[in-house]
Amino acid sequence: NKYTQRSLLRVFSELGFGRCIDLFYLPIDFRSKTNLGYCFVNLVTAEAAVAFRSVVDQLKLPLSRGAKVLCIAPARVQGFRENFSNFRNSAVMGRRVAPENQPVIFNPSTGSEVPFPPPTSRPKPSKL
Numbered sequence: 044n045k046y047t048q049r050s051l052l053r054v055f056s057e058l059g060f061g062r063c064i065d066l067f068y069l070p071i072d073f074r075s076k077t078n079l080g081y082c083f084v085n086l087v088t089a090e091a092a093v094a095f096r097s098v099v100d101q102l103k104l105p106l107s108r109g110a111k112v113l114c115i116a117p118a119r120v121q122g123f124r125e126n127f128s129n130f131r132n133s134a135v136m137g138r139r140v141a142p143e144n145q146p147v148i149f150n151p152s153t154g155s156e157v158p159f160p161p162p163t164s165r166p167k168p169s170k171l
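Residue 76 in my numbering is what sits at position 33 of the sequence shown, and the numbering runs on without skipping anything.
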């Protein structure tokens with residue numbers, strides 16, 4: 044659990060997926076300041092998702108200790124719009140959560156981060 048959102052994104056970019064990801068979120072345990080061991084990655088096409096899975100599933104990350112490997116599984120929420128809507132008004136987008144611990148969105152054409160628009164309603168209260 045040594046990875047931050049930025050360091051894990053860097054790994055995925057180095058593997059060739061920098062312009063294939065349009066939404067990414069690595070949940071953090073705010074007490075221990077470590078990730079929870081899973082993340083949400085939305086890829087721009089089904090083909091990119093298949094390629095990502097073939098490269099990343101069962102991959103051992105360089106900073107990981109022991110025999111831990113990545114395991115790819117489909118999320119309950121699928122697609123950019125659905126994930127974007129799910130996170131936009133969630134507690135994780137509230138003022139009490141540091142920007143580096145919030146979901147990020149990217150322009151797949153350039154691979155550059157795009158500012159997450161403000162919530163359309165008051166974010167749900169957080170349990171921080």
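A virtual CB, placed ideally from N, CA and C, is assigned to each residue, including glycine.
Taking the CB atoms as reference points, tell me whether Gly-154 and Gly-59 lie closer together than 7 Å. no
For a quick check, are the C-beta atoms of Thr-77 and Asn-44 less than 7 Å apart? Yes, the pair counts as a contact, with Cβ atoms nearer than the cut-off.
How many Å lie between Phe-95 and Ile-64 at the Cα? The alpha-carbon atoms of Phe-95 and Ile-64 are separated by roughly 10 Å.
Considering only their Cβ atoms, is the gap separating Val-140 from Ile-148 smaller than 7 Å? no
Nearest to Leu-52 (by Cα), restricted to the options Thr-88, Asn-144, Ala-110 and Met-136: Asn-144
With respect to the beta strand (DSSP E) encompassing Phe-73, which residues constitute its N-terminal and C-terminal limits? Segment: none, Phe-73 is in no beta strand (DSSP E) and carries neither H nor E.
When burial is assigned at 16 or more other CB atoms within 10 Å of the CB, is Pro-160 buried or exposed? exposed
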